[in-house]
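K.L.:
For the sequence shown, position 57 matches number 455 in the numbering used here, and the numbering has no gaps at all.
Built from N, CA and C at the ideal position, the CB exists for glycine as well.
Predicted model only: the values in this text are computed from it and were never measured.
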Amino acid sequence: MSAQPIADNLFTDDMGALLGARNRQTGQIFFPLPLTPDDNIEPVVLGTRGTVWTYTVQRFPPKPPYIGPTDPEKFKPYVVAYVSLPDQTMVESRLTGIDPDDVKIGMEVEFTVIPLDPDAPVEEQKLIHAFKPVQGE
Numbered sequence: 399m400s401a402q403p404i405a406d407n408l409f410t411d412d413m414g415a416l417l418g419a420r421n422r423q424t425g426q427i428f429f430p431l432p433l434t435p436d437d438n439i440e441p442v443v444l445g446t447r448g449t450v451w452t453y454t455v456q457r458f459p460p461k462p463p464y465i466g467p468t469d470p471e472k473f474k475p476y477v478v479a480y481v482s483l484p485d486q487t488m489v490e491s492r493l494t495g496i497d498p499d500d501v502k503i504g505m506e507v508e509f510t511v512i513p514l515d516p517d518a519p520v521e522e523q524k525l526i527h528a529f530k531p532v533q534g535e
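#1: Can you name the start and end residues of the beta strand (DSSP E) that I525 belongs to?
#2: CB L444 to CB L483, shorter than 8 angstroms?
#3: Go ahead and pull the three-state DSSP assignment for P441.
#4: How close, in whole Å, do the beta carbons of R422 and N438 come, if the pair is a contact with beta carbons under 8 angstroms?
#5: Is there contact between the region 521-530 and the region 400-414, where contact requires at least three CB pairs shorter than 8 angstroms?
#6: By the three-class DSSP mapping on this structure, what secondary structure does E506 have?
#7: Per DSSP, which one or two residues make a beta bridge with S400?
#8: What does the alpha-carbon distance come out to for the pair A480 and E506?
#9: Taking the alpha carbon of L416 as the reference point, which residue from T510, I503 and P459 has its own alpha carbon closest?
#10: Classify V511 as helix, strand or coil using the three-state DSSP reduction.
#11: For a test of the three-state rule: what should DSSP assign to V520, helix, strand or coil?
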């Protein structure tokens with residue numbers, strides 16, 4: 399068995415984008431797609447590019463139910479950002495592929511999928527959404 403998404407209905411089938419939801423009455427788009435069916439909500443594929451609206455750096459192991467190194471010596475700081483997807487919604491996400499000191503508000507980022515705990519065996523890995531800097535722009 400290979401790595402699996404951390405939750406159902408989080409990604410498109412090819413894991414190339416996030417699934418959000420649109421309220422049929424108001425047109426409002428939000429994330430994540432609710433787990434409970436609702437006739438007023440329809441799934442929508444979210445954009446794969448956005449900009450960092452704001453961010454913080456997680457510099458110590460979070461409390462449970464955190465999955466990952468809890469030993470402060472093994473823990474690696476990571477960035478948590480709100481990413482604005484144009485004409486859609488805002489998504490809270492990790493940023494990957496960038497040193498925390500290099501993150502800038504307004505920087506362009508693109509969707510990717512990463513393991514929640516990269517040190518776990520592949521068959522036990524849970525995949526989460528993340529964004530990475532757009533290269534070459």
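P.N.:
Judging by the given coordinates:
#1: Residue identity check: residue 525 is Leu in the sequence provided, not Ile. Segment K524 to P531, the beta strand (DSSP E) holding L525.
#2: yes
#3: strand
#4: 5 angstroms
#5: yes
#6: strand
#7: Beta-bridge pairing links S400 to no other residue.
#8: Sequence inspection shows Tyr at residue 480; the Ala mentioned does not correspond to that position. Approximately 12 angstroms, taken between the alpha carbons.
#9: T510
#10: strand
#11: helix
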